[in-house]
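Residue numbers (my numbering), protein chains in the order written: chain G, 27 to 191; chain E, 27 to 191.
Backbone N, C-alpha and C define an ideal beta-carbon position, used for all residues, glycine too.
Bear in mind the structure is a predicted one, so any value in this text is a computation, not a measurement.
Down below is the structure, laid out as C-alpha cells.
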DNA sequence: TTAATTCCTATTAATTCAATAGGAATTATA
DNA sequence: TATAATTCCTATTGAATTAATAGGAATTAA
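This is the structure in C-alpha cells:
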C-alpha cells in the first residue's frame, strides 16, 4: 500500500530559549498590578494579586519574596499583611526586574557588561564580528528596557485603551 | 562553637535564560568560519571546522546536519566529503539561524509574529502595556539581526581589525 | 488567644541542554 | 572490488533548570 500520511508536528514555543521565564513574567504582571491598583501603597495580600493576575498562589509567594529581598517591594507580616511597592513606579524598570529573575540581558556572555564573561570557544574577542552585532542588539534593547518603568507601562496601557475606543 | 563561615556564592551566568544556546552559538561560529575561509565553497570536513572553532566534534555534526536540512548548508558525503554554504553569505542572516536553534525571537510569546501565542495569564492583550514595550524590543532587535548577514559579520571583523592596529 | 498572613526550606516532576556512542550509508581512489 | 574516509541517523545519558507544591515557623492585628 502506498499513500500519504498526515503528520501533525506540534511546534511548541510557549516559552522558548530566548523568552522571559514565567517567574519574570509573573513578577512584571504583579508589579504592574500594584502600580496600577495600589497607588496608596498599602499592603495587598498575595492571594489578591494571585487571583487578579492569574498567577499560582504559592509560586507568586516566592516571587514576591525575591522582589522584596531585592528592595523593589516592601512587606508587612501577620494579619492584614501583604506587599506594596517600595519605590515610585517611575523608578522601577523592566531591565532591573528581568535581571533579577533571568540573569544578564545579553544574547552572549561576552556582551554583558554587568556580568561579563568570555565566550569559551572564542579566539579573538576584539575583532569578533559576531560580538559586534550582538553588542548592538544589547544596546538597543537596554535603551528600551531601562526606560520602561512601571509608570511608563501603565501610561502605555491607558494610551492603548484610548486608541481602541 | 560559634563563628563565621565564608560562603562562596558562585554566580554562574555563562549561559543564562535569555542567552543564545550553545547550539546556536556554535552554528554561527561555524557559518562565519565557512564564509570567511571557504569562499570557493568546496566541501570542508566537520573535523576541520570543529578544530578551528573549538566546537566538540560530535555535537557539531548534529548542528551542521540541522543547517543542511534547513537549506543553509550543502553537503557532500563519502571520502573528501564535507559541508559548504548553500547560499551567498549576504543571504544568510542571524535571525534565521537563531530561530532554527532557539525558536522565536521574542521575549514574550504574544509579540512573536511567526509563532505568535497568547500569554496564558493575560486578560486584555490589546491594551497590555507590557506587550507594547516588548514588541518594541522585538522590532529593534530584528532590525539588527535581519541585516546581520554572514557577509556583514566578516566585514565587521575586518573593520575592527583595522581599527586596532 | 486565635485567625490570618508572610517567611523560609525542602521536595518534585517534567523538560531541556549539551553532549556522546555506535553503526549504516556513501563516495573517491588504489 | 576492496578500503579508507567521510556524512547520516537514531538512541542514550547526565546534569541542570523550570515551574511549581508542601508544610510548617514566625509574626501581627484584634
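Exercise. Measure how close the beta-carbons of residue 167 (chain E) and residue 131 (chain E) come, nearest whole angstrom, since I'm counting them as under 8 Å.
Key: 6 Å
Quiz prompt | C-alpha gap between residue 72 (chain G) and residue 108 (chain G), whole angstroms | solution = 6 Å
Practice problem: Starting from the C-beta of residue 77 (chain G), find all residues in its chain whose C-beta is less than 8 Å away, skip the five residues before and the five after it, and write them out in chain order. | Solution: none
Quiz item: Helix or strand or just coil, what does DSSP make of residue 99 (chain G)?
Solution: strand
Quiz prompt | Sequence-distant residues of the same chain with beta carbon closer than 7 Å to residue 86 (chain G), five excluded per side | solution = 52, 56, 72, 75 and 76
Quiz item: Does residue 93 (chain E) get closer than 8 Å to chain G when you measure Cβ to Cβ?
Solution: no
Quiz prompt | Beta-carbon contacts of residue 180 (chain G) that lie in its chain and below 8 Å, excluding the five residues immediately before and after | solution = 58, 61, 62 and 115
Exercise. Leaving out five residues on either side along the sequence, give the residues of the same chain with a beta carbon under 7 Å from the beta carbon of residue 112 (chain E).
Key: 97, 98, 99 and 100
Quiz item: According to the Cβ coordinates, are residue 46 (chain E) and residue 91 (chain G) closer than 8 Å?
Solution: no
Quiz item: Is the CB-CB distance between residue 135 (chain G) and residue 143 (chain G) below 8 Å?
Solution: yes
Self-check item: Near-chain E residues of the stretch 55-87 of chain G (beta-carbon distance less than 8 Å), N- to C-terminal order
Solution: 55, 58, 79, 80 and 81
Practice problem: Using three-state DSSP, classify residue 86 (chain E) as helix, strand or coil. | Solution: helix
Quiz item: How would you call residue 83 (chain G), buried or exposed, if buried means at least 16 neighbouring beta carbons within 10 angstroms?
Solution: exposed
Quiz item: Under the rule that 16 or more other beta-carbon atoms within 10 Å means buried, what is residue 106 (chain G), buried or exposed?
Solution: exposed
Practice problem: Identify the contact partners of residue 154 (chain G) in chain E, using a Cβ-Cβ distance below 8 Å as the criterion. | Solution: 183 and 186
Quiz item: In the DSSP assignment, what are the bridge partners of residue 119 (chain G)?
Solution: G:175
Quiz item: Which bits of chain G does residue 129 (chain E) rub up against, with CB to CB less than 7 Å?
Solution: 39, 42, 43 and 44
Quiz prompt | residue 193 (chain G) versus residue 150 (chain E) - alpha carbon distance | solution = Nothing about residue 193 (chain G) can be reported from this structure: the residues present for chain G run from 27 to 191 only.
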